[in-house]
Amino acid sequence: MELAGIVGKANVGKSTLFTALTMVEVPAANFPFTTTKPNRGITYLRVSCVCRELGVKDDPNNSLCVDGTRFVPIAVIDCPGIVRGAHAGRGMGLQFLDEIRQADALIVVADASGGTDDDGNPVQPGTHDPVEDVRMVEDEMDLWMAELLARDWNRVVRVVETKQSTMAAEVARKMSGLRVTEQAAEQALESAGLDGSRPSKWTREDVLRYVRALRRLTKPMIVAANKADVPTAREGISRLVEAGYDVVACSAEAEKLLRLAARRGVVKYLPGDPSFEVTEQARLTSEQRRALERVAEFMARNGGTGVQRLIDKVYLEVLRYIPVFPVEDPSTFADSNGRVLPDVYLVKEGSTPRDLAYKVHTELGENFLYAIDARSKMRLPADYRLRPRDVVSIVSAARR
Ligand SMILES: Nc1nc2c(ncn2[C@@H]2O[C@H](COP(=O)(O)OP(=O)(O)OP(=O)(O)O)[C@@H](O)[C@H]2O)c(=O)[nH]1
Ligand SMILES: [Mg+2]
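Okay, structure coming up:
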């Protein structure tokens, strides 16, 4: 399953976001280091289902369909807070980053309201620049990666400079746990403008420039400009956008409140909806009513709480994944058990039907013959690139 890591400065709302995304209740409180160990849960990517367009009643297997909206599961991990010096053990340290080595992408949470200092202590809102929240996390992660790279550096220098190996091969070997491929290691050399054949000439700045390039390639990130419901967040959000980050303004607190209220039947709300409705049977205290009114006002300004948008943007825009519906029978859109539109798979933009086959099952990939577009019942050309919401039947040589 896909995996996203939630990281950020202490006390910015990571655990609140995690609970809003997963409905797994974990402690959240207004002081730094509330979280001491990573929390794991499942959230969902929201995509439009093809069931209505095809006029069928689906029977999902790997995802949920609610009134024509599909929710595809994605694992998320909430991490302890990061402060300057964490790579050297300050605060909660960075050991926990081991848990998110396999993440596809990182959600870096910032306190857009500017109401927490460098160490996560509450301060007057609007007095701290949230761009600093993000830079600090990037710097600490780079120092952590540089340390990984520096381990047995002398040996790497020797084997590379005596041409027994290449820098890219050595980096990929050392960092394969971080999903660093040889190709990415090579590409990072280029984008950092470094000579991979002479590592003995690299300065410490060169190493940092290199791991920064490598991190950007292998752990793309999106910034959650959280606490966007606080008035001072306006300025903070603009600063984050101006700094060039991919930013989604959100209120984890508003989303958490809504999802809990929806679960209790108080409101009608699907994650990612731009607004919600209070149900008729809801019995609310005046305080609860006011809280919901504040959320409604915020959503009207922000086009929703922004929380679902984070996940959707990470996977569909930053990582450029495409949701496709593999089916076995192109006439009924069912699998061999008769389940209609059972699964949604996420494939990288540019993937072919054969890539999809491999993703479903290695054996299906190996015995791939061709694929059929289940909408038109036409055979797809061998070089066909999958498009969002394609419904594809794979024909393989495998016998059951
Ligand atoms: N106004 C507002 N407050 C929020 C929001 N999200 C979280 N908070 C508050 O921010 C404080 C910190 O929330 P947590 O979720 O514990 O933050 P964290 O980043 O997990 O903190 P650590 O685990 O200590 O690093 C709590 O008081 C939350 O209620 C939000 O969207 N808006
Ligand atoms: Mg936390």
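If you're matching positions, the sequence shown starts at 5 in the working numbering and goes up one per residue. Virtual Cβ for every residue (Gly too), placed ideally from N, Cα, C.
Checklist entry - Given A173, which residues of its chain have a CB within under 8 Å of its CB, disregarding the five upstream and five downstream residues? => result To locate residue 173, count along the sequence shown from 1; it is residue 169. So the list reads E186, A189, once near-sequence residues are dropped.
Item to check | Inter-residue spacing [alpha-carbon to alpha-carbon] between L296 and P84 | outcome: On the sequence shown, residue 296 is found 292 positions in, with the first residue counted as 1. On the sequence shown, residue 84 is found 80 positions in, with the first residue counted as 1. C-alpha separation (whole angstroms): 29 Å.
Checklist entry - How would you call T222, buried or exposed, if buried means at least 16 neighbouring beta carbons within 10 angstroms? => result The residue given as residue 222 occupies position 218 in the sequence shown. So T222 counts as buried.
Next on the checklist: Between D316 and chain B, is the shortest Cβ-Cβ distance under 8 Å, so that the two count as touching?
Outcome noted: Looking for chain B here will not work: only one protein chain is present.
Checklist entry - Got a sec: does ligand 2 put a non-hydrogen atom nearer than 7 Å to the Cβ of D82? => result Walking along the sequence shown from the start, residue 82 turns up at place 78. Yes, Cβ of D82 sits closer than 7 Å to a heavy atom of ligand 2.
Item to check | Option in N341, P346, E332, A378 with minimal Cα separation from L368 | outcome: Position 364 of the sequence shown, counted from the first residue, corresponds to residue 368. Nearest of N341, P346, E332, A378 to L368, Cα basis: E332.
Checklist entry - For ligand 2, any of its heavy atoms closer than 7 Å to the Cβ of V32? => result On the sequence shown, position 28 is the one that residue 32 refers to. Reading the sequence as shown, one finds Ala at residue 32 and not Val. At least one heavy atom of ligand 2 is nearer than 7 Å to the Cβ of A32, so yes.
Checklist entry - Taking the Cβ atom as the reference point for each residue, do I78 and I241 lie within a distance shorter than 8 Å? => result Here residue 78 is taken as the residue at index 74 of the sequence shown, counted from 1. Here residue 241 is taken as the residue at index 237 of the sequence shown, counted from 1. Not in contact: I78 and I241 (Cβ atoms no closer than 8 Å).
Checklist entry - Among the residues of its own chain, which have a CB less than 7 Å from the CB of V135, if the five just before and after it don't count? => result As a first step, residue 135 must be located in the sequence shown, where it is residue number 131. Excluding sequence neighbours, V135 sits near R243, L244, A247.
Checklist entry - What does a CB cutoff of less than 8 Å around P3 pick up in its chain, not counting 5 residues either side in sequence? => result No answer is possible for residue 3: it lies beyond the span of the chain, which begins at 5 and ends at 404.
Checklist entry - In terms of residues, what are the limits of the beta strand (DSSP E) holding T73? => result For this step, residue 73 is matched to residue 69 along the sequence shown. Looking at the DSSP string, the run of the beta strand (DSSP E) that includes T73 is 73-82.
Item to check | Beta-carbon proximity check, V311 vs L21, cutoff 8 Å | outcome: Here residue 311 refers to the residue found at position 307 of the sequence shown. Here residue 21 refers to the residue found at position 17 of the sequence shown. Yes, Cβ-Cβ distance for V311 and L21 is below 8 Å.
Next on the checklist: I want to check one thing, is the minimum distance from the CB of E257 to the heavy atoms of ligand 1 below 7 Å?
Outcome noted: As a working mapping, residue 257 is identified with position 253 in the sequence shown. It does: the Cβ of E257 is within 7 Å (strictly closer) of some heavy atom of ligand 1.
Checklist entry - Taking the beta strand (DSSP E) that N43 falls in, what are its first and last residues? => result Start at 1 with the first residue of the sequence shown, and residue 43 comes out as number 39. From DSSP, the beta strand (DSSP E) with N43 extends over 43-52.
Item to check | Distance between R268 and T23 (C-alpha atoms, nearest Å) | outcome: On the sequence shown, residue 23 is found 19 positions in, with the first residue counted as 1. On the sequence shown, residue 268 is found 264 positions in, with the first residue counted as 1. Taking the straight line from one Cα to the other gives about 16 Å.
Checklist entry - By a C-beta neighbour count over all protein chains shown, 10 Å radius and 16 as the cutoff for buried, is I46 buried or exposed? => result Within the sequence shown, the letter at position 42 stands for residue 46. Exposed, because fewer than 16 other Cβ atoms sit within 10 Å of the Cβ of I46.
Next on the checklist: Assuming the contact rule is C-beta atoms closer than 8 Å, V299 and L261 should be a hit. Round their C-beta distance to whole Å, please.
Outcome noted: For the purposes of this step, residue 299 is taken as residue 295 along the sequence shown, with counting starting at 1. For the purposes of this step, residue 261 is taken as residue 257 along the sequence shown, with counting starting at 1. The Cβ separation is near 6 Å, so the contact holds.
Next on the checklist: Let's see if you can read the secondary structure: which residues bound the beta strand (DSSP E) around D146?
Outcome noted: Numbered from 1 along the sequence shown, position 142 holds the residue referred to as residue 146. Unbroken run through D146 is the alpha helix (DSSP H), 134-154; no beta strand (DSSP E).
Item to check | Three-pair Cβ contact test at 8 Å for the segment 332-343 versus the segment 361-375 | outcome: no
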